[in-house]
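Encoded as structure tokens, the structure appears first; notes follow it.
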Amino acid sequence: GFLICVIGVVLLDQISKQLVVTYISPYINSGEQISVMGDFFRIIHVRNAGLAFSLGASFPNLLKRVAYVLFPLALLTGLGVFLLRDKQLKMIQRWALACIIGGGIGNIIDRVFREGLVVDFLDFKFFGLFGMERWPTFNVADSAVVIGVFLFILGGVIGKKTHK
Numbered sequence: 002g003f004l005i006c007v008i009g010v011v012l013l014d015q016i017s018k019q020l021v022v023t024y025i026s027p028y029i030n031s032g033e034q035i036s037v038m039g040d041f042f043r044i045i046h047v048r049n050a051g052l053a054f055s056l057g058a059s060f061p062n063l064l065k066r067v068a069y070v071l072f073p074l075a076l077l078t079g080l081g082v083f084l085l086r087d088k089q090l091k092m093i094q095r096w097a098l099a100c101i102i103g104g105g106i107g108n109i110i111d112r113v114f115r116e117g118l119v120v121d122f123l124d125f126k127f128f129g130l131f132g133m134e135r136w137p138t139f140n141v142a143d144s145a146v147v148i149g150v151f152l153f154i155l156g157g158v159i160g161k162k163t164h165k
């Protein structure tokens, strides 16, 4: 079941990115967008050279390869071993790790096969909160990682309450 979740996240991520790459011109060149809910939610084609919020986009290429491919691969391998071997994980935490692993693999695939760039396309209005008019553009893999982290923490909190 967990392997199917990992594969499902990777497939959903890569198929959605390929559709964006095929049918939407890069936003920086064209300004092309698909408005889904007016200006609140739109689909645009952005290539991210950095991590979340474009952090590290100006790193030298060798450092990017280590920081964005090799380190995440080692981390995902460790999470996979943890998922398979730790018998005390709750079911929700196991599903959470599968989401995190799938999302991580999805973005690593981009780093390796899309010239070190990750395709981002989900763009939301943020109404000036924290000084941002729009939330940084993201993708399905990013969503899976965030949801996975949230569920993993939730599983730990729920677990603590039941042991008292």
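The letter at position 18 of the sequence shown is residue 19 when you use the numbering used here, and the numbering goes up by one with no holes. Every residue gets a Cβ at the ideal spot worked out from N, C-alpha and C, and that includes glycine.
Rounded separation between residue i and residue j - CA only
| i | j | result |
| --- | --- | --- |
| Ser59 | Lys18 | 23 Å |
| Lys165 | Leu155 | Bear in mind that a pLDDT of 42 at Lys165, under 50, signals an unreliable position, so the model cannot answer this. |
| Asp87 | Ile5 | 19 Å |
| Ile109 | Ile35 | 26 Å |
| Met92 | Leu84 | 10 Å |
| Asn62 | Asp111 | 15 Å |
| Phe123 | Val7 | Checking the sequence, you will find Leu at residue 123 rather than Phe. C-alpha separation (whole angstroms): 21 Å. |
| Arg95 | Phe3 | 7 Å |
Environment of residue i [buried if 16+ CB atoms lie within 10 Å]
| i | result |
| --- | --- |
| Ala99 | buried |
| Ala97 | buried |
| Gly104 | buried |
| Ala53 | exposed |
| Gln15 | buried |
| Gly81 | buried |
| Tyr69 | buried |
Test: residue i CB closer than 7 Å to a CB of chain C
| i | result |
| --- | --- |
| Val67 | Going by chain labels, chain C is absent from the structure shown, which holds only one protein chain. |
The beta strand (DSSP E) enclosing residue i, as first and last residue numbers
| i | result |
| --- | --- |
| Met38 | 35 to 38 |
| Asn62 | Where Asn62 is concerned, there is no enclosing beta strand (DSSP E), although the alpha helix (DSSP H) it sits in stretches over 62 to 66. |
CB-CB length for residue i against residue j, believed under 8 Å
| i | j | result |
| --- | --- | --- |
| Leu126 | Phe72 | The sequence shown places Lys at residue 126, rather than the Leu named in the question. Not really, about 33 Å apart at Cβ, beyond 8 Å. |
| Ala142 | Gly107 | 3 Å |
Residue(s) in a DSSP beta bridge with residue i
| i | result |
| --- | --- |
| Leu123 | Ile44, Phe139 |
| Pro27 | His46 |
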